[in-house]
Amino acid sequence: LAYSSISLADVAAKLGLSESADDVECIVAKAIRDGGIDAAVDHERQLMYSRETADIYSTQEPQAAFHARIAFCLDTHNEAV
Numbered sequence: 805l806a807y808s809s810i811s812l813a814d815v816a817a818k819l820g821l822s823e824s825a826d827d828v829e830c831i832v833a834k835a836i837r838d839g840g841i842d843a844a845v846d847h848e849r850q851l852m853y854s855r856e857t858a859d860i861y862s863t864q865e866p867q868a869a870f871h872a873r874i875a876f877c878l879d880t881h882n883e884a885v
């Protein structure tokens, strides 16, 4: 499922957390800070808003990531042989 916004209480329920609303907000804020999710928290309304993301497949980024993975595998193979 994808959400443009979700209440922090719903986040806690979906993740099976029994912490207080402040604790859930801290967990969400840490996930945002660590780059796990691209979102923002509205403290007053107790909501998490996901940020708009561009269509990543319209860029060269997936191809570059795939190329880097293939290059790593080939280098590992060549070093082993």
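In short: position in the sequence shown from 1, add 804, done, that's our numbering.
Backbone N, C-alpha and C fix where the C-beta goes; we use that ideal spot for every residue, glycine too.
Around the beta-carbon of alanine 816, 16 or more other beta-carbon atoms lie within 10 Å, marking it buried. Aspartate 842 sits in coil when the DSSP states are folded into three classes, being neither helix nor strand. Here the C-alpha atom of leucine 878 lies approximately 41 Å from the C-alpha atom of tyrosine 853. Annotation: alanine 844 to arginine 837 spans about 10 Å, alpha carbon to alpha carbon. Leucine 851 sits in a strand when the DSSP states are folded into three classes.
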